[in-house]
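K.L.:
Protein chains in written order, with full-length UniProt numbering: chain A, 1 to 268; chain B, 1 to 268. Heads up, the beta-carbon is just placed ideally off N, CA and C, and yes, glycines get one too. The structure presented is a predicted model; accordingly, all values stated were derived computationally and were not measured. Okay, here's the structure, questions in a sec.
2 protein chains.
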Amino acid sequence: IVYAGVGKTDIEIIEALDAGVGYFNIESEEELENLIRLAKQQGKITKAALRVNPDVEYKTHAFLKTGKKETKFGVDIERALKVFADYGNNATVNLCAIHVHLGTGGKKIDPYVEAVEKTLPLIDQLRSNGHTIEALDLGGGYGADYESGTVPSAAEYAAGIVPLLKDKNIKLILEPGKSICANAGIMLTRVLYTKQGGRKKFIIVDAGMNDLIRPSLYDAFHFIWPAKVDEKFVPRQREKDLRLDGTEVVDVVGPICEGADFFAKDRA
Amino acid sequence: IVYAGVGKTDIEIIEALDAGVGYFNIESEEELENLIRLAKQQGKITKAALRVNPDVEYKTHAFLKTGKKETKFGVDIERALKVFADYGNNATVNLCAIHVHLGTGGKKIDPYVEAVEKTLPLIDQLRSNGHTIEALDLGGGYGADYESGTVPSAAEYAAGIVPLLKDKNIKLILEPGKSICANAGIMLTRVLYTKQGGRKKFIIVDAGMNDLIRPSLYDAFHFIWPAKVDEKFVPRQREKDLRLDGTEVVDVVGPICEGADFFAKDRA
Chain A
1 IVYAGVGKTD
11 IEIIEALDAG
21 VGYFNIESEE
31 ELENLIRLAK
41 QQGKITKAAL
51 RVNPDVEYKT
61 HAFLKTGKKE
71 TKFGVDIERA
81 LKVFADYGNN
91 ATVNLCAIHV
101 HLGTGGKKID
111 PYVEAVEKTL
121 PLIDQLRSNG
131 HTIEALDLGG
141 GYGADYESGT
151 VPSAAEYAAG
161 IVPLLKDKNI
171 KLILEPGKSI
181 CANAGIMLTR
191 VLYTKQGGRK
201 KFIIVDAGMN
211 DLIRPSLYDA
221 FHFIWPAKVD
231 EKFVPRQREK
241 DLRLDGTEVV
251 DVVGPICEGA
261 DFFAKDRA
Chain B
1 IVYAGVGKTD
11 IEIIEALDAG
21 VGYFNIESEE
31 ELENLIRLAK
41 QQGKITKAAL
51 RVNPDVEYKT
61 HAFLKTGKKE
71 TKFGVDIERA
81 LKVFADYGNN
91 ATVNLCAIHV
101 HLGTGGKKID
111 PYVEAVEKTL
121 PLIDQLRSNG
131 HTIEALDLGG
141 GYGADYESGT
151 VPSAAEYAAG
161 IVPLLKDKNI
171 KLILEPGKSI
181 CANAGIMLTR
191 VLYTKQGGRK
201 KFIIVDAGMN
211 DLIRPSLYDA
221 FHFIWPAKVD
231 EKFVPRQREK
241 DLRLDGTEVV
251 DVVGPICEGA
261 DFFAKDRA
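This is the structure we're talking about:
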């Protein structure tokens with residue numbers, strides 16, 4: 001188990017120390033100092049991975065990019081050497097892994113390959129400086145297959161990444177949670193009213209942006225389907241531009257007094 | 001008291017009937033039919049205001065505009081005549097008022113003047129068709145004075161609107177809540193970590209976008225100030241571009257694993 005997060009509080013860190021997590025993913029020197037302080041105080045020894053930003057271009061929503069140089073996440077790759085020089089021999093927190101996270105929702109393997117290619121020289125350098133680097137956490141963010149066949153398979157990721165790492169004597173940690181289970185999540189909501197407004201038809205449901213903010217925040221696409229539906233309207237493929245005979249184009253909106261409170265616009 | 005909202009549920013409507021609200025603001029024919037059904041069922045008689053969209057241009061964030069023709073809110077002004085023709089003589093729900101809401105956060109009086117000018121002919125027409133129109137609810141959305149002196153005063157609104165309405169024998173309802181009390185709200189948060197990331201400095205606090213989403217959703221500006229601060233750093237004016245000697249430029253961000261989880265960027 002790795003414990004990731006940019007703003008871990010003291011109480012959370014102590015609970016994680018008690019639980020014996022595998023690695024604390026470290027985002028800044030200050031956080032590492034705080035972890036050392038708390039571990040000493042609790043009489044614990046733990047392992048940590050330094051999160052580095054390989055400064056890789058990753059095509060997704062601007063809000064979902066995390067691997068560029070100047071983000072709130074992690075430290076830049078140049079700074080990593082200094083962090084290891086300063087804290088790499090600490091007896092309380094064993095800094096012995098690297099964490100990389102590029103963002104969420106990307107649909108290409110290339111940025112992961114590039115990130116590994118940029119990180120390996122750092123790992124070599126750290127090792128030649130006398131540091132043990134036992135693991136590389138290549139993060140989460142692997143795109144979920146929201147629409148049929150739009151994201152690479154695990155085998156395709158492996159084909160890109162494994163050859164780069166297989167002779168490096170390093171443990172590879174992956175966090176593919178969303179790509180495995182995102183499509184298992186559904187939101188159930190009830191239609192309250194339908195309404196004609198100008199040329200548009202609106203379906204007003206009893207769930208709002210407070211229940212699912214992704215459409216307004218990221219312009220995210222989510223399939224919307226009746227709970228009870230005639231067989232002929234059941235789609236065989238998860239296609240965004242699905243057009244079935246007998247459907248009409250509507251906006252699906254929530255009950256909140258905000259124009260941002262919508263789930264779909266001009267959807268058939 | 002008026003009860004506004006685009007997705008009123010049956011339970012909420014029954015509670016409002018029991019509480020004896022002044023007017024139900026009605027957003028669609030279906031909602032009105034539902035109110036009539038529930039009021040009959042509960043043995044209640046109530047008043048309602050029809051929300052109409054005067055199709056006025058209102059300069060604010062796209063998500064905050066509500067008075068254009070094709071929104072999930074209200075009915076277009078042309079449709080209002082038909083709604084009154086169909087439901088204006090209902091004995092259970094007395095449709096006897098007009099509701100207009102242009103959006104949130106605008107800083108000009110003109111759209112309100114234009115909305116009244118567009119709504120008055122409708123009121124005249126409805127009255128000559130035999131309907132009683134006793135009230136005009138000119139909504140909320142009046143801009144809050146987040147920065148000193150950037151929004152019109154109540155007197156200025158009155159100077160624009162009152163002359164148009166004073167001989168019309170109509171009750172004017174206003175909902176100026178936010179403009180009165182928005183600046184009374186503060187969010188208290190604690191700094192967890194500070195961090196240098198590339199050329200940027202980040203202040204990581206323990207509140208997140210789940211506590212205050214306006215910066216990421218609307219790019220909203222909020223003042224940020226230390227809870228304890230030296231007298232010389234206390235601003236005398238609420239100015240967005242405040243630059244005080246001895247401050248540095250930082251990003252203030254939350255603990256959530258999202259690039260969208262920020263409160264301020266490049267703020268001194």
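1. My output table needs one value for A:I26: the three-state DSSP class, helix, strand or coil.
2. Less than 7 Å between C-beta atoms, sequence neighbours within five positions excluded: which residues of the same chain meet that for B:L174?
3. Does DSSP put B:F263 in a helix, in a strand, or in coil?
4. Using C-beta distances below 8 Å, list every residue in its chain close to A:N243, excluding the 5 sequence neighbours before and after it, in chain order.
5. Could you give the C-beta distance for A:A115 and A:A49, rounded to a whole number, given that I count them as a contact under 8 Å?
6. Is it true that the region 196 to 211 of chain B meets the region 251 to 258 of chain B, where meeting means three or more beta-carbon pairs spaced less than 8 Å apart?
7. Are there 16 or more other CB atoms within 10 angstroms of the CB of B:P111, so buried, or fewer, so exposed?
8. Distance, Cα to Cα, A:V113 vs B:V56?
9. Answer with buried or exposed for B:K195, where buried requires no fewer than 16 other C-beta atoms within 10 angstroms of its C-beta.
10. Between which two residues does the alpha helix (DSSP H) holding B:R79 run?
11. Closest Cβ-Cβ distance between A:N34 and chain B: below 9 Å?
12. DSSP beta-bridge partners for B:H99?
13. Can you tell me where the alpha helix (DSSP H) with B:T194 in it begins and where it stops?
14. Who pairs with A:I204 in a beta bridge, going by DSSP?
15. Could you please tell me which residues of the region 210 to 236 of chain B, in chain order, have their CB closer than 9 Å to any CB of chain A?
16. What residues of chain B sit near A:P255, judged by a beta carbon separation below 7 Å?
17. Applying the criterion that 16 or more other CB atoms from any shown protein chain within 10 Å of the CB defines a buried residue, is A:P54 buried or exposed?
18. Could you check whether B:F263 and B:P215 sit closer than 9 Å to each other, using their CB atoms as the reference points?
19. State the CB to CB distance for the pair A:I13 and A:L35, rounded to an integer number of angstroms; the pair is presumed to be in contact (CB under 8 Å).
20. So if DSSP puts A:Y146 in a beta bridge, which residue, or which two residues, is it bridged to?
21. Any beta carbon of chain B sitting closer than 9 Å to that of A:E29?
22. Say whether the region 141 to 148 of chain A touches the region 92 to 109 of chain A, bearing in mind that this needs 3 or more beta-carbon pairs closer than 8 Å, one atom from each stretch.
23. Nearest chain B C-beta to A:Y112 closer than 9 Å, yes or no?
24. Which of the three DSSP states, helix, strand or coil, is assigned to residue 274 of chain B?
25. Candidates B:K171, B:K178 and B:K168: which alpha carbon is nearest B:V151's?
26. Relative to the C-alpha of B:G130, which candidate in B:A154, B:V83, B:N89 and B:K118 has its C-alpha closest?
27. Can you tell me where the alpha helix (DSSP H) with A:I11 in it begins and where it stops?
28. Return no unless some Cβ of chain A is closer than 9 Å to the Cβ of B:G103.
29. Taking C-beta to C-beta, are A:A80 and A:L126 nearer than 9 Å?
30. Reducing DSSP to helix, strand and coil, say where residue 269 of chain A ends up.
31. Show which residues of chain B have a CB atom less than 7 Å away from the CB atom of A:T194.
32. DSSP on B:K178, reduced to helix/strand/coil?
33. Assuming A:A39 and A:V93 form a contact by the criterion Cβ under 8 Å, report the distance between their Cβ atoms to the nearest whole angstrom.
34. Quick one: give me the first and last residue of the alpha helix (DSSP H) that A:L212 is part of.
35. Can you look up B:K232 in the DSSP assignment and give me helix, strand or coil?
36. B:T46 bridges to which residues according to DSSP?
P.N.:
Let me lay it out:
1. Against the first sequence, residue 26 of chain A aligns to sequence position 26. Strand.
2. One-based indexing of the second sequence puts residue 174 of chain B at position 174. Around B:L174: L138.
3. Here residue 263 of chain B is taken as the residue at index 263 of the second sequence, counted from 1. It is a strand residue.
4. Within the first sequence, the letter at position 243 stands for residue 243 of chain A. The residue asked about is misnamed: residue 243 of chain A is Arg in this sequence, not Asn. Close CB contacts of A:R243 within its chain, under the 8 Å cut and outside five residues either way in sequence, are with A268 (chain order).
5. Working through the first sequence from its first residue, we reach residue 115 of chain A at position 115. Working through the first sequence from its first residue, we reach residue 49 of chain A at position 49. With a beta-carbon spacing of about 14 Å, A:A115 and A:A49 fall beyond the 8 Å limit used to define contacts.
6. Yes: at least three Cβ pairs fall under 8 Å.
7. Within the second sequence, residue 111 of chain B is the residue found at index 111, counting from 1. Buried, since its Cβ has 16 or more Cβ neighbours within 10 Å.
8. As a position in the first sequence, residue 113 of chain A is number 113, starting the count at 1. As a position in the second sequence, residue 56 of chain B is number 56, starting the count at 1. Looking at the two C-alpha atoms, the distance is approximately 52 Å.
9. The residue labelled residue 195 of chain B in the question sits at position 195 within the second sequence. Answer is buried; the Cβ neighbour count reaches 16.
10. As a working mapping, residue 79 of chain B is identified with position 79 in the second sequence. Residues I77 to Y87.
11. On the first sequence, position 34 is the one that residue 34 of chain A refers to. Yes - at least one Cβ of chain B is within 9 Å of the one on A:N34.
12. The count along the second sequence starts at 1 and reaches residue 99 of chain B at position 99. B:R51 and B:D137.
13. In the second sequence, residue 194 of chain B corresponds to position 194, counting from 1. Looking at the DSSP string, B:T194 is not in any alpha helix (DSSP H); the run it does join, the beta strand (DSSP E), is V191 to G197.
14. Counted from its first residue, the first sequence places residue 204 of chain A at position 204. Answer is A:Y193 and A:V253.
15. I213, S216, L217 and Y218
16. As a first step, residue 255 of chain A is located in the first sequence; it is residue number 255 there, counting from the start. Those are G5, V6 and G7, listed as they occur along chain B.
17. Along the first sequence, one-based indexing puts residue 54 of chain A at 54. Its Cβ being crowded by 16 or more others within 10 Å, A:P54 is buried.
18. Position 215 of the second sequence, counting from 1, holds the residue named residue 215 of chain B. Position 263 of the second sequence, counting from 1, holds the residue named residue 263 of chain B. Against a cut-off of 9 Å, the Cβ pair of B:F263 and B:P215 comes out as a contact.
19. Along the first sequence, one-based indexing puts residue 13 of chain A at 13. Along the first sequence, one-based indexing puts residue 35 of chain A at 35. Contact between A:I13 and A:L35 holds, with the beta-carbon distance rounding to 6 Å and staying under 8 Å.
20. As a working mapping, residue 146 of chain A is identified with position 146 in the first sequence. Paired residues: none, contrary to the question.
21. Your numbering for residue 29 of chain A matches position 29 in the first sequence. Yes, contact with chain B.
22. yes
23. For the purposes of this step, residue 112 of chain A is identified with residue 112 of the first sequence, where counting begins at 1. So no, A:Y112 is outside the interface.
24. Nothing in the structure corresponds to residue 274 of chain B, since chain B is present only between 1 and 268.
25. What you label residue 151 of chain B is simply residue 151 of the second sequence in a count that begins at 1. Here the closest residue by C-alpha is B:K178.
26. Translated into positions along the second sequence, residue 130 of chain B becomes position 130. When only C-alpha atoms are compared, the closest one is B:N89.
27. Counted from its first residue, the first sequence places residue 11 of chain A at position 11. Counting along the chain, the alpha helix (DSSP H) containing A:I11 begins and ends at D10 to A19.
28. Position 103 of the second sequence, counted from the first residue, corresponds to residue 103 of chain B. Closer than 9 Å to some Cβ of chain A, the Cβ of B:G103 qualifies, so yes.
29. On the first sequence, residue 80 of chain A is found 80 positions in, with the first residue counted as 1. On the first sequence, residue 126 of chain A is found 126 positions in, with the first residue counted as 1. For A:A80 and A:L126, yes; Cβs fall inside 9 Å.
30. Residue 269 of chain A is absent from the model: chain A starts at 1 and stops at 268.
31. For the purposes of this step, residue 194 of chain A is identified with residue 194 of the first sequence, where counting begins at 1. Ordered by position in chain B, the residues that pass the 7 Å Cβ test against A:T194 are E30.
32. Along the second sequence, one-based indexing puts residue 178 of chain B at 178. Correct three-state label for B:K178: helix.
33. Here the question's residue 39 of chain A lines up with position 39 in the first sequence. Here the question's residue 93 of chain A lines up with position 93 in the first sequence. Yes, they are in contact, since the Cβ atoms of A:A39 and A:V93 sit about 6 Å apart, within 8 Å.
34. Along the first sequence, one-based indexing puts residue 212 of chain A at 212. Neither: A:L212 is in no alpha helix (DSSP H) and is coded neither H nor E.
35. Taking the first residue of the second sequence as 1, we reach residue 232 of chain B at position 232. B:K232: helix per DSSP, three-state reduction.
36. Stepping through the second sequence from its first residue, residue 46 of chain B is reached at position 46. Here B:T46 is bridged, per DSSP, to B:V93.
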